[in-house]
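First residue of the sequence shown: 180, per the numbering used here; consecutive thereafter. Single-structure report; data block below.
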Amino acid sequence: MYYAVIDLEMCKVPKGYKRFGYKWCQETIQIGAVLLDEDYEIVDEFCTYVRPEFGHIDFYIESLTGISQADVMTAPSFEEALEEFLEWLPYEDVRCVSWSDSDPKQIVHEVIAKEIEDERIEIIIANWVDCQKTFGHKMGKENLYKLEEALIASDIIPEGRAHDGLADARNTAMLFAKLEQNPDYELNEFYKTAREDETEHLSFCMGDLFAGLALA
């Protein structure tokens, strides 16, 4: 079994485009993914910018993701990028994984709006794994934890820039691998203490995590 851990980055779409048939508020601008083998080791990576058809990268999105309008001007369309991703997948036995269900939903939205037909899409969507939901079940909570929060709780130091598709895919893959390989894993001690005072979300920062970890 292989696992393709995927992360999409998106830009906003003006409401005016609803009259042109695109009724969703976001559009994909980057697809990042890593491939895990049966031992949960990263064996391959995939990353591409995506040229939005309706959306535009504003200052907020550029600041958040590091992706500029210039980066996507000559990038493949969503249909082309999705085809590249599907060709990259090893189809003998693979499931897609993401942090939350927003990524598969976004794919479905754009596939419908842009009239893309490919039976492979239906297969991967039907077998998608929501790592955020899995983590919540492990925690015994219904909270929708942020990826950064879950990494802190699992003693995983994030790599790369947050909201970079490939970096977020790598970090999600590390967490997913830990969940799968250690079903009875223990949360870090700092998190256990902090959690007693939290009812919905974590409120500590990465500096607190480092203070509570023995990095040697």
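Cβ atoms here follow ideal geometry from the backbone N, Cα and C, with glycine treated the same way. In this text, all values refer to a predicted model and were calculated from it rather than measured experimentally.
Assigned secondary structure, residue i (DSSP; H/G/I helix, E/B strand, else coil)
i	result
THR351	helix
ASP309	strand
ARG299	helix
LYS202	coil
ILE291	helix
ILE335	coil
ILE246	coil
SER281	helix
TYR196	helix
LYS357	helix
ALA329	helix
HIS316	helix
Residues bridged to residue i (per DSSP)
i	result
GLY211	ASP186 and CYS226
LYS191	GLN205 and HIS235
GLU251	Per the sequence presented here, residue 251 reads as Val, with Glu not at that position. In DSSP, VAL251 forms no bridge with anything.
TYR219	Paired residue(s): none; TYR219 is not in a bridge.
TYR181	VAL273
Alpha-carbon to alpha-carbon, residue j and residue i
i	j	result
THR227	SER333	29 Å
ASP309	TYR201	26 Å
TYR181	ALA348	15 Å
PHE225	VAL184	10 Å
GLU294	TRP203	14 Å
ILE331	PHE199	43 Å
LEU265	ILE336	30 Å
SER256	PRO231	7 Å
GLU298	VAL290	11 Å
GLY205	LYS284	In the sequence as presented, Gly is not what sits at residue 205; that position holds Gln. Approximately 11 Å between the Cα atoms of the pair.
ILE302	ILE286	13 Å
LEU388	GLU258	The predicted position of LEU388 is uncertain, since its pLDDT is 49 and thus under 50; a value taken from the coordinates is nonetheless stated next. Rounded to whole angstroms, LEU388 to GLU258 spans 40 Å at the Cα level.
MET176	TRP307	Within the shown structure, residues of the chain are numbered from 180 to 395, placing residue 176 beyond reach of any answer.
GLU263	GLU359	28 Å
LYS194	HIS342	24 Å
Check whether residue i and residue j have beta carbons under 7 Å apart
i	j	result
TYR196	PHE233	yes
ALA254	VAL229	yes
GLY211	LEU345	yes
ILE208	VAL251	yes
Just checking, does the region 238 to 248 make contact with the region 185 to 193 on the three C-beta pairs under 8 Å criterion? yes
Would you be able to state if there are at least three C-beta pairs under 8 Å between the region 214 to 226 and the region 344 to 354? yes
Quick one: any contact between the region 297 to 313 and the region 205 to 215, if contact means 3 or more CB pairs under 8 Å? no
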